[in-house]
Amino acid sequence: MRRVNTFEIRPLSERDEILLFEILDASASLWNELTYRRRQAFYAGEDIWQGDTGRYRSKYKGTIGAAAVQQVIRRNDEAWRGFFGLLEEGSDANPPGYWKDDEQRKLRTLVRNDQYTLEWGKRSRLEIPVGLDLKEKYGLGYNERLRLEARGDPRWTGKGGRLGLVYDRDTDSFRARQPVENATRRRRESLATVSSDDDAVAALDIGANNLVAVTTTRGDQLLYHGRPQFHRFRRTTERIATLQSRLGPEKWTSRRIRRHYQQRSDRRNHLQDALIRDLREWLRDRNVSSVIVGDLGAFSSHWCARVNEKVHLFWAYGRFQRRLREVLQGEYGIDVREVDESGSSSQCPRCGGQNINRCKDTFQCRECGFEGHSDVVGSENLLFEHTDCGSMARPAAPDQNRSGEGHREVPRLEWDDHRWQRRDRSTKENPVNRSTWNGKFAAGESGTA
Numbered sequence: 001m002r003r004v005n006t007f008e009i010r011p012l013s014e015r016d017e018i019l020l021f022e023i024l025d026a027s028a029s030l031w032n033e034l035t036y037r038r039r040q041a042f043y044a045g046e047d048i049w050q051g052d053t054g055r056y057r058s059k060y061k062g063t064i065g066a067a068a069v070q071q072v073i074r075r076n077d078e079a080w081r082g083f084f085g086l087l088e089e090g091s092d093a094n095p096p097g098y099w100k101d102d103e104q105r106k107l108r109t110l111v112r113n114d115q116y117t118l119e120w121g122k123r124s125r126l127e128i129p130v131g132l133d134l135k136e137k138y139g140l141g142y143n144e145r146l147r148l149e150a151r152g153d154p155r156w157t158g159k160g161g162r163l164g165l166v167y168d169r170d171t172d173s174f175r176a177r178q179p180v181e182n183a184t185r186r187r188r189e190s191l192a193t194v195s196s197d198d199d200a201v202a203a204l205d206i207g208a209n210n211l212v213a214v215t216t217t218r219g220d221q222l223l224y225h226g227r228p229q230f231h232r233f234r235r236t237t238e239r240i241a242t243l244q245s246r247l248g249p250e251k252w253t254s255r256r257i258r259r260h261y262q263q264r265s266d267r268r269n270h271l272q273d274a275l276i277r278d279l280r281e282w283l284r285d286r287n288v289s290s291v292i293v294g295d296l297g298a299f300s301s302h303w304c305a306r307v308n309e310k311v312h313l314f315w316a317y318g319r320f321q322r323r324l325r326e327v328l329q330g331e332y333g334i335d336v337r338e339v340d341e342s343g344s345s346s347q348c349p350r351c352g353g354q355n356i357n358r359c360k361d362t363f364q365c366r367e368c369g370f371e372g373h374s375d376v377v378g379s380e381n382l383l384f385e386h387t388d389c390g391s392m393a394r395p396a397a398p399d400q401n402r403s404g405e406g407h408r409e410v411p412r413l414e415w416d417d418h419r420w421q422r423r424d425r426s427t428k429e430n431p432v433n434r435s436t437w438n439g440k441f442a443a444g445e446s447g448t449a
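So the sequence shown is residues 1 to 449, counted in UniProt numbering.
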């Protein structure tokens, strides 16, 4: 199984930053020069493989090293072979393009798997080779390599592949992608309990306003609130539309628009990943070994455009579904099962009646007087309908989260841009600065390169 670790890298000094820029720029220059020659040969009807690539090694090995030159050329070969393969299949394809964006080079490079060292620990680091000319220019020793700070949470272990480094102008940051062959999850501890008699089952109702409502067979309940984040998502979308309306007739995007798109996606993805990790801890504490997830397919034809925007753009249910399964099932052995959730909030969890009234988050049963939160009701009904526990699928501790008339206040978590916290707790604390900018490294866990 092949997976990819992605993480951020940071130079430890101004000198190292300039040196890294030179490496990335030289690699982009090599790619563009080789691509230009091959495109000219292709359009002229000539054999693109004819031509001595040795001159590129002589020109660039002093800057990025002979191994990096080899990797850039090899990656260019792969791109052209893929292009010709598409042509043979009758597909309409374009030849490989340049590493350029808005008339500027896309600064990136490739590092062979045996040429870098990646270590993870309290202070993580990445070391990459440097050409002899740059070593002399910036005062590095003959055997010295460029040392960079690595920041992130790698999820996969295995045989590391060719490392890709890129500079993102929109966010002014350096990022790395490490393919991992025969990848396995980095396991911390399993949520599955030893005895199946102690196992609990949880049901997740995924909504448009409240991202997730959870109920377990032991009566524990939890709610993740999402309205403020959607409002910010919508403001960013409106800002993008305004910027696009100001573009000229021949343009459809700009650096500023791309930055807004990237920030919007990054915020949502960070929120989702943090939610799943927080939910994982909550499930572990309650010995949950199986999770039922309501499928939002019913929303695909919803008449309300705003609900569709929440579900498919902001909430990105497909991504959430994939990440939930990767973390809970792939990493911690929790069985994740999707079920149809249509009608789950249209039935009273106490009497089973369907003469109900729903107004936003409020659920009221006209038959027995039950009152509660509509999304929490949905998770309860999912649990009752799709488990084999009979009546025990109803919360087994009814006094814990509900009164005689309905739900008591279910714990509600809100997002403060860093973590999920209880609504009644302060969310104004400053986030912990986990940077390792001082350049001190611990031995840590070594990534295979």
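Where a beta carbon is used, it is the ideal one built from N, C-alpha and C, also for glycine.
query: When DSSP builds the beta bridges, which residues end up paired with Val-291?
result: The residue labelled residue 291 in the question sits at position 291 within the sequence shown. According to DSSP, Val-291 bridges with Ala-202 and Val-336.
Element boundaries [alpha helix (DSSP H), containing Tyr-167]: Indexing the sequence shown from 1 puts residue 167 at position 167. First-last for Tyr-167: 163-168, but that is the beta strand (DSSP E), not the alpha helix (DSSP H).
- prompt: Could you give the distance in angstroms between the alpha-carbon of residue 469 and the alpha-carbon of Ser-58?
  reply: Outside the modelled stretch of the chain, which goes from 1 to 449, sits residue 469, for which no answer is possible.
field: First through last residue of the alpha helix (DSSP H) which encompasses Ile-128
entry: Walking along the sequence shown from the start, residue 128 turns up at place 128. Segment 125-128 is the beta strand (DSSP E) holding Ile-128; no alpha helix (DSSP H) there.
query: Applying the criterion that 16 or more other CB atoms from any shown protein chain within 10 Å of the CB defines a buried residue, is Thr-216 buried or exposed?
result: Position 216 of the sequence shown holds residue 216. So Thr-216 ends up on the buried side.
- prompt: Between Ala-203 and Ser-379, is the Cβ-Cβ spacing less than 8 Å?
  reply: The residue given as residue 203 occupies position 203 in the sequence shown. The residue given as residue 379 occupies position 379 in the sequence shown. Yes.
message: In this structure, how does DSSP classify Leu-222 when only helix, strand and coil are distinguished?
response: Here residue 222 refers to the residue found at position 222 of the sequence shown. Strand.
- request: Closer than 7 Å by C-beta to Arg-147: which residues in its own chain qualify, once you throw out the five before and the five after it? Chain order, please.
  value: Mapped onto the sequence shown, residue 147 falls at position 147. Cβ neighbours of Arg-147 beyond the five flanking positions: Leu-12, Arg-125 and Glu-127.
field: Three or more C-beta pairs below 8 Å linking the segment 43-60 and the segment 3-20
entry: no
message: Tell me the rounded alpha-carbon separation between Arg-259 and Leu-86.
response: Taking the sequence shown and counting its residues from 1, the one referred to as residue 259 is at position 259. Taking the sequence shown and counting its residues from 1, the one referred to as residue 86 is at position 86. In this structure, the CA atom of Arg-259 is about 32 Å from the CA atom of Leu-86.
query: Which of the three DSSP states, helix, strand or coil, is assigned to His-373?
result: If you number the sequence shown from 1, residue 373 lands on position 373. Of the three classes helix, strand and coil, the one that applies to His-373 here is strand, per DSSP.
Bridge partner(s) assigned by DSSP for Leu-146: The residue labelled residue 146 in the question sits at position 146 within the sequence shown. Ile-128, per the DSSP bridge assignment.
task: Going by CA-CA distance only, name the one from Leu-382, Ile-276, His-373 and Asn-355 that's closest to Trp-415.
output: In the sequence shown, the residue the question calls residue 415 occupies position 415. If we check each option's Cα against that of Trp-415, Ile-276 comes out closest.
field: Three-pair Cβ contact test at 8 Å for the segment 163-176 versus the segment 19-36
entry: yes
- prompt: Just curious, the alpha helix (DSSP H) that Pro-228 is in, first and last residue?
  reply: Stepping through the sequence shown from its first residue, residue 228 is reached at position 228. Counting along the chain, the alpha helix (DSSP H) containing Pro-228 begins and ends at 227-245.
task: Output the distance between the C-alpha atoms of Asp-417 and Pro-96, rounded to the nearest integer angstrom.
output: Start at 1 with the first residue of the sequence shown, and residue 417 comes out as number 417. Start at 1 with the first residue of the sequence shown, and residue 96 comes out as number 96. Whole-angstrom Cα-Cα distance: 39 Å.
- prompt: Among Thr-387, Ser-346, Arg-366 and Gly-54, which has the Cα closest to the Cα of Val-376?
  reply: Here the question's residue 376 lines up with position 376 in the sequence shown. Among Thr-387, Ser-346, Arg-366 and Gly-54, the Cα nearest to that of Val-376 belongs to Ser-346.
- prompt: How long is the line joining the alpha carbons of Tyr-142 and Tyr-56, rounded to whole angstroms?
  reply: Here residue 142 corresponds to residue number 142 of the sequence shown, with the count starting at 1. Here residue 56 corresponds to residue number 56 of the sequence shown, with the count starting at 1. Answer to the nearest angstrom: the Cα atoms are 23 Å apart.
task: Answer with buried or exposed for Tyr-36, where buried requires no fewer than 16 other C-beta atoms within 10 angstroms of its C-beta.
output: Sequence index remark: in the sequence shown, residue 36 carries index 36 (1-based). With fewer than 16 other Cβ atoms within 10 Å, it is exposed.
Three or more C-beta pairs below 8 Å linking the segment 104-115 and the segment 66-80: At 8 Å Cβ cutoff, the stretches touch.
query: By how many angstroms is the C-alpha of Arg-264 removed from the C-alpha of Gln-221?
result: The residue you call residue 221 lines up with position 221 of the sequence shown. The residue you call residue 264 lines up with position 264 of the sequence shown. Cα to Cα, Gln-221 sits roughly 30 Å from Arg-264.
- request: Mind checking who Phe-7 pairs with in its DSSP beta bridge?
  value: Taking the sequence shown and counting its residues from 1, the one referred to as residue 7 is at position 7. Phe-7 is bridged to Ala-176.
query: Looking at C-alpha atoms only, which residue of Val-4, Leu-211 and Phe-233 is the closest neighbour of Arg-175?
result: Position 175 of the sequence shown holds residue 175. Considering only alpha carbons, the answer is Val-4.
query: Taking 7 Å as the cut-off, does the CB of Leu-34 come closer than this to any heavy atom belonging to the ligand NAP?
result: As far as ligands go, the structure on display features none, and thus does not contain the ligand NAP.
query: Using the C-alpha atoms, what's the distance from Phe-7 back to Asp-153?
result: Walking along the sequence shown from the start, residue 153 turns up at place 153. Walking along the sequence shown from the start, residue 7 turns up at place 7. Those two C-alpha atoms are separated by around 7 Å.
message: If I follow the unbroken beta strand (DSSP E) through residue 458, where does it start and stop?
response: Here the chain comprises residues numbered 1 to 449, so residue 458 is not present and cannot be evaluated.
query: If you follow the alpha helix (DSSP H) that Arg-284 is part of, which residue opens it and which one closes it?
result: Numbered from its first residue, the sequence shown carries residue 284 at position 284. It spans 255-285 - the alpha helix (DSSP H) in which Arg-284 sits, taken as one unbroken run.
task: Provide the residue span of the alpha helix (DSSP H) that contains Ile-356, from first to last.
output: Position 356 of the sequence shown holds residue 356. Careful: Ile-356 lies outside any alpha helix (DSSP H), inside the beta strand (DSSP E) at 356-359.
field: According to DSSP, residues forming a beta bridge with residue 450
entry: Given that the chain is displayed from residue 1 to residue 449, the structure contains no residue 450 and the question cannot be resolved.
query: Which residue from Asp-172, Leu-163, Lys-251 and Val-288 puts its Cα closest to that of Glu-181?
result: Locating residue 181 in the sequence shown gives position 181, counting from the first residue. Of the listed residues, the one whose Cα sits closest to Glu-181 is Leu-163.
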